[in-house]
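Have a look at the structure below, then the notes.
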Amino acid sequence: MYLLAGKVKVYIDGQDGFFEIGAGDLVEFPNGMKVTWDVVEAVNKHYNLE
1 MYLLAGKVKV
11 YIDGQDGFFE
21 IGAGDLVEFP
31 NGMKVTWDVV
41 EAVNKHYNLE
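Mind the numbering: the sequence shown is residues 1 to 50 in UniProt numbering, read in order.
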């Protein structure tokens, strides 16, 4: 997933803490990974579910 705009705090289920992703970041979440997003700034993203 590529964030075109915005900022998000990502919490991984079952773990303490979070990490932030923002505009210009490219991230990949492994299949089956469960996360919760706290949207800090409105997000526009491009993603591929393959």
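Cβ atoms here follow ideal geometry from the backbone N, Cα and C, with glycine treated the same way. Just so we're clear, the structure is a prediction, and the values are computed from it rather than from any experiment.
- Query: Helix, strand or coil: which one does DSSP assign to LYS7?
  - Reply: strand
- To which residues of the same chain is ASP13 closer than 6 Å at the C-beta, ignoring the five residues directly before and after it? LYS34
- Message: Checking the sheet assignment: what are the DSSP bridge partners for PHE19?
- Response: VAL10
- Along the beta strand (DSSP E) that carries LYS34, what are the first and last residues, could you check? Looking at the DSSP string, LYS34 is not in any beta strand (DSSP E), and its letter there is neither H nor E.
- Query: By Cβ distance, which residues of its chain are closer than 6 Å to TYR2, with the 5 residues on each side in sequence left out?
  - Reply: LEU26, HIS46
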